[in-house]
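For the sequence shown, the tail end lands on 347 under full-length UniProt numbering, and the numbers increase by one without skipping. A short worksheet on the structure shown next.
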Amino acid sequence: MNNNFEFYTDVDVTLYGSNAMESDIKTILKNHVCMAEKFNYKGTLITTSSTTLDPWMIASHILENTQDFTPLLALQPYTMPPITAVKMVQTLEVLYGRRIGINFVTGISTKGLSEAGVTLSHDELYIRLQEYISLYDTLIRSGNDSVTFSGKYYELKDYRAKPNIPFTLFNENDRVPEIFVSGSSDNAIKTAIKYGNVYLTHPGPIERYRDKILEINGDETKLAIGIGVIAQAEESKAWSYARSVFKPNRKSIIEAAMKRSSHSQWIKDQADLSVEKDVFDHVYWTGAFKSNSLYPYIVGDYDQVASYLQQYVDIGVQTFIIGGPYTEEDYVHRQRVFQRLKKKEGS
């Protein structure tokens, strides 16, 4: 593995269908993270939605079954107040003494938000998210100091966290949780610049992504992308494999096109791309999105895929959330790509 970069997998622990509880979720999850750790991935993104298991409990299971592997938890503001999120982070620190990351999201499903009683507009969702991160960051650093906060969505008066977990416990051990902010809209980018450490999005083809992150260039905010990688020694075999894994049908293609009206900017962007073309730049493939994956995929032989990913690296990307599949053979193929990447000079 190339140690100049940070690679994460993606784990979506969704339960649905009549046989959901018959699945050995713990074993499946353990095998997933242990395989990723074997190939020196930094961690895994734990997604959240109304159909997934609780990401905090999943993170605990991951910490128990790995040695040096970072859970990156998706946190949706409506699921818990900031004081609870801080207590959860502190509890994991006390129990495991391991680093975690928090991926702050506003949600991509209008239906899911509506079912939870969230009726905020897109702009309001980000105003609330900004308040949430600001209060979370203040609380986790507060130690024994009282906190007063007055915002549109959150308010505290002389709040003192108990038990008192000093921030130095995180800071002195280099375990301060990184703050990721996900999204593709201008609001997401501005939130990441002001409140986050890392801006995460599913990128468009390289030139479109380059234009999108112009505002971040020169800022201290790090860049991360969620992207799938399917590579083999021969280009034709890579494409054959990709199309065997992701098989769009009439229903999924129509659903992908309908996502152009999503309130989520990055879902809109991916939907627009999938309608516009199947393949951009010879390697950037939208076919997986048409099969209900959220990830764009880079497909080709090792050199083709590495060369295209290198262009993202050259404009500042250092962190990759890598979409599946996650068989050992897939890890081996991806490793041959990642070994070809070179860190941007000066970063």
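The C-beta atom is built at its ideal place from N, Cα and C for all residues, glycine as well.
Check                                                                                                          : Outcome
Entirely enclosed alpha helix (DSSP H) segments - the segment 81 to 164, minimum 4 residues                    : 82 to 96, 110 to 115 and 122 to 140
Tyr132 versus Tyr126: straight-line alpha-carbon distance, rounded                                             : 9 Å
Residue burial classification, Thr44 (beta-carbon count within 10 angstroms, cutoff 16)                        : buried
Nearest to Tyr284 (by Cα), restricted to the options Ser291, Pro205, Tyr154 and Asp219                         : Pro205
Exposure of Ala238, with buried meaning 16 or more beta-carbon neighbours within 10 Å                          : buried
Secondary structure, beta strand (DSSP E): runs of 3+ residues fully inside the segment 305 to 346             : 317 to 323
Sequence-distant residues of the same chain with beta carbon closer than 7 Å to Val147, five excluded per side : Thr138, Leu139, Leu156 and Tyr159
Same chain, Cβ closer than 8 Å to Asp278, neighbours up to 5 away in sequence not counted                      : Trp285, Thr286 and Gly287
Beta-bridge pairing of Val33 - partner residues as DSSP gives them                                             : For Val33, which the question treats as bridged, DSSP gives no partner whatsoever.
Val332 burial status per 10 Å Cβ neighbour count (16 or more: buried)                                          : exposed
Neighbour-count burial assignment, Gly101, 16 or more Cβ in a 10 Å radius                                      : buried
Stretch pair the segment 305 to 313 + the segment 245 to 255: three plus CB contacts closer than 8 Å           : no
Proximity of Leu72 and Asn40 at Cβ, strictly below 8 Å                                                         : no
Helix, strand or coil at Leu75 according to DSSP, with G and I counted as helix                                : strand
Secondary structure, alpha helix (DSSP H): runs of 4+ residues fully inside the segment 174 to 207             : 186 to 195
Presumed contact (8 Å Cβ cut-off) between Asp301 and Glu235, rounded CB distance                               : 4 Å
Three-way DSSP call (helix, strand, coil) for residue 407 in this model                                        : Absent from the model: residue 407. The displayed extent of the chain is 1 to 347, so no value can be given.
Residues sharing a beta bridge with Ala231, DSSP                                                               : Gly300
Cβ-Cβ distance between Gly226 and Leu200 below 8 Å                                                             : yes
Where the beta strand (DSSP E) through Val275 begins and ends                                                  : No beta strand (DSSP E) contains Val275, which is instead part of the alpha helix (DSSP H) from Gln265 to Glu276.
Rounded distance between the beta-carbons of Tyr195 and Ser240, thought under 8 Å                              : Contact flag wrong, Cβ pair sits at about 44 Å.
Residue closest to Gln130, alpha-carbon to alpha-carbon, out of Asp303, Lys259 and Val181                      : Val181
DSSP state of Thr9 mapped onto helix, strand, coil                                                             : strand
Residue burial classification, Thr47 (beta-carbon count within 10 angstroms, cutoff 16)                        : buried
Extent of the continuous beta strand (DSSP E) to which Ile46 belongs                                           : Gly43 to Ile46
Reduced DSSP category for Leu214 - H, G, I as helix; E, B as strand; rest coil                                 : helix
Beta-carbon spacing of Lys30, Asn65 below 8 Å                                                                  : yes
Assigned exposure category for Thr106 - 16 Cβ within 10 Å defines buried                                       : buried
CA-to-CA distance, Tyr326 to Phe69, given in whole angstroms                                                   : 16 Å
Cross-strand partners of Phe280 (DSSP beta bridge)                                                             : Tyr284
Spatial distance of Gln318 from Tyr209 (CA atoms)                                                              : 14 Å
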